[in-house]
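Contents: one structure, followed by commentary.
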Amino acid sequence: MSHPLAPGWLVAPRNANALHSGIWPASMRRGSSGELEVGGVSVGELAERYGTPLFVFDQDDLVSRARLVKDALTAACSRHGVSGAVYYASKSFISGHVVSWVEDAGLGFDVATAGEMAIALGGGANPDHIEFQGNNKSEDEIAQAMSAGVATIVIDAPIEAERIQAIASSMDTRQKVMIRVNTGVHADTHDYLATAREDQKFGLSPAEALSLVQVIRDSSHLDFVGLHSHIGSQIFSTEGFLEAATRMVDVYAKAFAEGEPFTLNLGGGFGIAYTESDEPMDVAELITAIVDYVAAECAQRGLPIPDVAFEPGRVISGPAGVTLYTVGVTKPVTVHEGDNVATRLYVSVDGGMSDNARPALYGAHYSARIASRQSQVAPELVRVVGKHCESGDIVVDAEYLPGDVAPGDILAVAATGAYCHSLASNYNVVGRPPVVAVSGGSSTLMVAGETLDDVLARDQGLSRGQE
Numbered sequence: 014m015s016h017p018l019a020p021g022w023l024v025a026p027r028n029a030n031a032l033h034s035g036i037w038p039a040s041m042r043r044g045s046s047g048e049l050e051v052g053g054v055s056v057g058e059l060a061e062r063y064g065t066p067l068f069v070f071d072q073d074d075l076v077s078r079a080r081l082v083k084d085a086l087t088a089a090c091s092r093h094g095v096s097g098a099v100y101y102a103s104k105s106f107i108s109g110h111v112v113s114w115v116e117d118a119g120l121g122f123d124v125a126t127a128g129e130m131a132i133a134l135g136g137g138a139n140p141d142h143i144e145f146q147g148n149n150k151s152e153d154e155i156a157q158a159m160s161a162g163v164a165t166i167v168i169d170a171p172i173e174a175e176r177i178q179a180i181a182s183s184m185d186t187r188q189k190v191m192i193r194v195n196t197g198v199h200a201d202t203h204d205y206l207a208t209a210r211e212d213q214k215f216g217l218s219p220a221e222a223l224s225l226v227q228v229i230r231d232s233s234h235l236d237f238v239g240l241h242s243h244i245g246s247q248i249f250s251t252e253g254f255l256e257a258a259t260r261m262v263d264v265y266a267k268a269f270a271e272g273e274p275f276t277l278n279l280g281g282g283f284g285i286a287y288t289e290s291d292e293p294m295d296v297a298e299l300i301t302a303i304v305d306y307v308a309a310e311c312a313q314r315g316l317p318i319p320d321v322a323f324e325p326g327r328v329i330s331g332p333a334g335v336t337l338y339t340v341g342v343t344k345p346v347t348v349h350e351g352d353n354v355a356t357r358l359y360v361s362v363d364g365g366m367s368d369n370a371r372p373a374l375y376g377a378h379y380s381a382r383i384a385s386r387q388s389q390v391a392p393e394l395v396r397v398v399g400k401h402c403e404s405g406d407i408v409v410d411a412e413y414l415p416g417d418v419a420p421g422d423i424l425a426v427a428a429t430g431a432y433c434h435s436l437a438s439n440y441n442v443v444g445r446p447p448v449v450a451v452s453g454g455s456s457t458l459m460v461a462g463e464t465l466d467d468v469l470a471r472d473q474g475l476s477r478g479q480e
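Counting in the working numbering, the sequence shown runs from 14 upward without gaps.
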């Protein structure tokens, strides 16, 4: 029987120690003692060495996911005699280690700021495998990208074409550019994750994009190489992707009539499973379906099939990451709803919205397990919350954990490899957690955590009290 406070999608498990496949990193399992291991390293060892909260990446899982996407696109495009390129969406999570892994897997990088670009280049990415986009790239950022030899800049507004042309002219060089098209497709996702609706900041309408194509083709220092589209994130169905592809092929047909074939970059946004109720499509099947659809649409119009590109991020980094927390306080809370009375167990951990803002931003749901031990105690409905001074500081809104979850237990929260560390903050003056990679029974520090001294060091007024 389900708990009266549990959401309809959450099913009470027979075994609250079990790990649902497809949510947790590929190498995560319970050892003989009942403690979770990832990459052959126990969570206890990780917590003792690095502390908690702690972001942990299964290196082999992330690399495997990157190669799967690359191989799927290569195979799909090869059947139609065209080329495919995959650009890892750096905003999901980027570090020097990830750059080297993704570069070795044959992917490029989609960067949106000078900071992401600096990490990509510093981590060893080939500049010719980088595309630079964003809705408000500064002139300094554009110049940095061009000086570094970044392959492609994605134009988001006509004024950017003017800026890039001027900078390229001053450098006496030519710059490859794409145009971001707002297709107007309403993706089935959270409003803040939908990036192709008419009333938002990204891209140009098809008509505006076509006008800009001609301007770029007439420019002395710009080379038009493609059209770009992105309809949103965490999308489970094909309908939005295929509708966007239809509209992009329409624009492609009109632009091709005045020039040479070019690339269609159809973005990313492929969904992953955060809970057992999530049922994302197999990413290889999804990519194949989109490429085949583009080919069919072009054949119907008598057009040459364009090269195709995608920009996945979450589907590569998300499931490969987990966050470890230590339980500090547990507290049963009685809830009265009409004549019904029920109790939910609140489990407070040593992190929260400063290391995972997604539940507060999007109402995102996650899965959790006691990581430091097994328990035979019956499952109880819990809400895992953080230590911050906000009632919305929720890490896992609803989950079943063994009823004896207690202070000192280490909790693991699944699928935190994307958009958790990237969105982390110093709210309530806490340091951002470290990030480690695990593989083959050993761990490597990827990103150092911030101590309180690190956070306070930026405050230039604190020294006054010490004079």
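Note that the Cβ used here is the ideal one computed from N, Cα and C, for glycine as well.
Looking at C-alpha atoms only, which residue of 459, 424, 469 is the closest neighbour of residue 434? Your numbering for residue 434 matches position 421 in the sequence shown. Checked all of 459, 424, 469; the closest Cα to residue 434 is 459.
When you compare each of 35, 414, 449, 25 to residue 292 by their alpha carbons, which one comes out closest? Position 279 of the sequence shown, counted from the start, is the residue given in the question as residue 292. Closest by alpha carbon: 35.
Start and end of the beta strand (DSSP E) containing residue 415? Residue numbering aside, residue 415 sits at position 402 when the sequence shown is read from its first letter. Element bounds for residue 415: 407-415.
Validate contact between the stretch 28-44 and the stretch 283-302 using beta carbons, cut 8 Å, 3 pairs: yes
Bridge partners of residue 191, per DSSP? Position 178 of the sequence shown, counted from the start, is the residue given in the question as residue 191. Paired residue(s): 167, 239.
Would you call the stretch 340-352 and the stretch 408-416 touching, i.e. three or more CB-CB distances under 8 Å? no
Residues of its chain near residue 153, where Cβ-Cβ distance is below 8 Å and the 5 sequence neighbours each way are ignored: Here residue 153 is taken as the residue at index 140 of the sequence shown, counted from 1. Cβ neighbours of residue 153 beyond the five flanking positions: 127.
In three-state terms, what does DSSP make of residue 198? Residue numbering aside, residue 198 sits at position 185 when the sequence shown is read from its first letter. Of the three classes helix, strand and coil, the one that applies to residue 198 here is coil, per DSSP.
Just the Cα atoms here: how many angstroms apart are residue 356 and residue 345? Position 343 of the sequence shown holds residue 356. Position 332 of the sequence shown holds residue 345. Using only the alpha carbons, I get a separation of about 6 Å.
Whole angstroms is fine: what's the gap from residue 302's alpha carbon to residue 320's? As a working mapping, residue 302 is identified with position 289 in the sequence shown. As a working mapping, residue 320 is identified with position 307 in the sequence shown. Spanning the two alpha carbons is a distance of roughly 15 Å.
Residue of 179, 144, 219 minimising C-alpha distance to residue 268: Within the sequence shown, residue 268 is the residue found at index 255, counting from 1. Looking at the Cα atoms, 219 is the closest of the given residues.
Go to residue 83, then tell me how far its beta strand (DSSP E) extends in each direction, as first and last residue. Position 70 of the sequence shown, counted from the first residue, corresponds to residue 83. Careful: residue 83 lies outside any beta strand (DSSP E), inside the alpha helix (DSSP H) at 72-91.
Can you tell me whether DSSP reads residue 204 as helix, strand or coil? The residue you call residue 204 lines up with position 191 of the sequence shown. With a pLDDT of only 46 at residue 204, under 50, the local geometry of the prediction cannot be trusted, and no value is derived from it.
Please classify residue 101: does DSSP put it in a helix, a strand, or coil? What you label residue 101 is simply residue 88 of the sequence shown in a count that begins at 1. Reduced to three states, the DSSP call for residue 101 is strand.
Output needed for residue 276: all residues of its chain with C-beta closer than 8 Å, excluding positions within five of it in sequence on either side, in chain order. Position 263 of the sequence shown holds residue 276. Taken in chain order, the residues that qualify are 98, 191, 238, 239, 240, 319, 320, 321, 322.
Going by the CB atoms, is the gap between residue 426 and residue 408 shorter than 8 Å? Here the question's residue 408 lines up with position 395 in the sequence shown. Here the question's residue 426 lines up with position 413 in the sequence shown. Cβ distance < 8 Å, so residue 408 and residue 426 count as in contact.
Expressed to the nearest angstrom, what Euclidean distance is found between the alpha-carbon atoms of residue 171 and residue 185? On the sequence shown, residue 171 is found 158 positions in, with the first residue counted as 1. On the sequence shown, residue 185 is found 172 positions in, with the first residue counted as 1. Cα-Cα distance, rounded: 21 Å.
Measure the C-alpha to C-alpha separation of residue 299 and residue 266 and round it to an integer number of angstroms. In the sequence shown, the residue the question calls residue 299 occupies position 286. In the sequence shown, the residue the question calls residue 266 occupies position 253. For residue 299 and residue 266, the distance between alpha carbons rounds to 23 Å.
Contacts around residue 209, its chain only, beta-carbon distance under 8 Å, and the 5 residues preceding and following it disregarded: Numbered from 1 along the sequence shown, position 196 holds the residue referred to as residue 209. With a pLDDT of 46 at residue 209, under the threshold of 50, the modelled position of that residue is not reliable, and no figure is offered here.
Residue of 96, 282, 88 minimising C-alpha distance to residue 102: The residue you call residue 102 lines up with position 89 of the sequence shown. Selected option, being the one with the closest Cα: 282.
Distance, residue 475 Cα to residue 150 Cα: Here residue 150 corresponds to residue number 137 of the sequence shown, with the count starting at 1. Here residue 475 corresponds to residue number 462 of the sequence shown, with the count starting at 1. Rounded to the nearest angstrom, the two C-alpha atoms are 34 Å apart.
DSSP has residue 186 in a bridge; who is on the other side? For the purposes of this step, residue 186 is taken as the residue at position 173 of the sequence shown. Answer is none; residue 186 lacks a bridge partner.
Whether residue 420 touches residue 343 by CB criterion (8 Å): As a first step, residue 420 is located in the sequence shown; it is residue number 407 there, counting from the start. As a first step, residue 343 is located in the sequence shown; it is residue number 330 there, counting from the start. A contact, by the Cβ cut-off of 8 Å.
From 56, 296, 29, 157, residue whose alpha carbon lies closest to that of residue 77: Counted from its first residue, the sequence shown places residue 77 at position 64. It is 296 whose Cα lies nearest to the Cα of residue 77.
Excluding sequence positions up to five away, which residues of its chain have a Cβ less than 7 Å from the Cβ of residue 402? Translated into the one-based positions of the sequence shown, residue 402 becomes position 389. The answer, listed in chain order, is 441.
DSSP puts residue 381 in a beta bridge; with which residues? Taking the sequence shown and counting its residues from 1, the one referred to as residue 381 is at position 368. In the DSSP output, where bridge partners are listed per residue, residue 381 has 426.
Could you tell me the alpha carbon to alpha carbon distance between residue 16 and residue 119, rounded to whole angstroms? The residue you call residue 16 lines up with position 3 of the sequence shown. The residue you call residue 119 lines up with position 106 of the sequence shown. Whole-angstrom Cα-Cα distance: 47 Å.
Considering only the alpha carbon of each residue, which of 91, 48, 225, 114 lies closest to residue 333? Against the sequence shown, residue 333 aligns to sequence position 320. Among 91, 48, 225, 114, the Cα nearest to that of residue 333 belongs to 114.
Per the DSSP calculation, residue 10 is bridged to which residue(s)? As displayed, the chain neither begins before 14 nor continues past 480, which places residue 10 out of reach and without an answer.
Consult DSSP for residue 120 and reduce its assignment to one of helix, strand or coil. By 1-based counting over the sequence shown, the position of residue 120 is 107. If DSSP states are grouped into helix, strand and coil, residue 120 belongs with coil.
Under the three-state DSSP convention, the category residue 400 falls into: What you label residue 400 is simply residue 387 of the sequence shown in a count that begins at 1. Residue 400: coil per DSSP, three-state reduction.
Using a Cβ-Cβ cut-off of 8 Å (strictly less than) and excluding sequence neighbours within five positions of residue 133, which residues of its own chain qualify? As a position in the sequence shown, residue 133 is number 120, starting the count at 1. Only 103, 107, 112, 122, 124, 143 meet the Cβ criterion.
Thinking C-alpha only, which one of 387, 430, 391 is nearest residue 50? Numbered from its first residue, the sequence shown carries residue 50 at position 37. Closest by alpha carbon: 387.
According to DSSP, simplified to helix, strand and coil, what is residue 143? Working through the sequence shown from its first residue, we reach residue 143 at position 130. Correct three-state label for residue 143: strand.
Determine the contact status of residue 423 and residue 87, defining contact as a CB-CB distance below 8 Å. Residue 423 sits at position 410 when you count from the first residue of the sequence shown. Residue 87 sits at position 74 when you count from the first residue of the sequence shown. Cβ atoms of residue 423 and residue 87: not closer than 8 Å.
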